[in-house]
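Student: In this note's numbering, the protein residues as written are 1377 to 1422.
Idealized CB from N, CA, C, for every residue including glycine.
Predicted model only: the values in this text are computed from it and were never measured.
Have a look at the structure that comes next, please.
The following block contains the structure:
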């Protein structure tokens, strides 16, 4: 017999972990892009 409550709890934990990791990754990419734009903006063009 399958314990559907336990299966749903595992699935919910997995989905929340994936969304948490995606949020952290998007935050890191955003911070990295801000740093790159700030560092490259200080150099004179030409």
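Take residue 1405 and list the residues in its own chain whose beta-carbon comes closer than 7 Å to its own, dropping the five residues that flank it on each side.
Tutor: The residue given as residue 1405 occupies position 29 in the chain shown. For residue 1405, where only same-chain residues beyond five positions count, there are no Cβ hits under 7 Å.
Student: To the nearest angstrom, how far is the alpha carbon of residue 1389 from that of residue 1408?
Tutor: Sequence index remark: in the chain shown, residue 1389 carries index 13 (1-based). Sequence index remark: in the chain shown, residue 1408 carries index 32 (1-based). Rounded to whole angstroms, residue 1389 to residue 1408 spans 28 Å at the Cα level.
Student: If we ignore side chains and look at the alpha-carbon of each, how far apart do residue 1417 and residue 1382 end up?
Tutor: Looking up residue 1417 in the chain shown gives position 41. Looking up residue 1382 in the chain shown gives position 6. So the two alpha carbons sit approximately 52 Å from each other.
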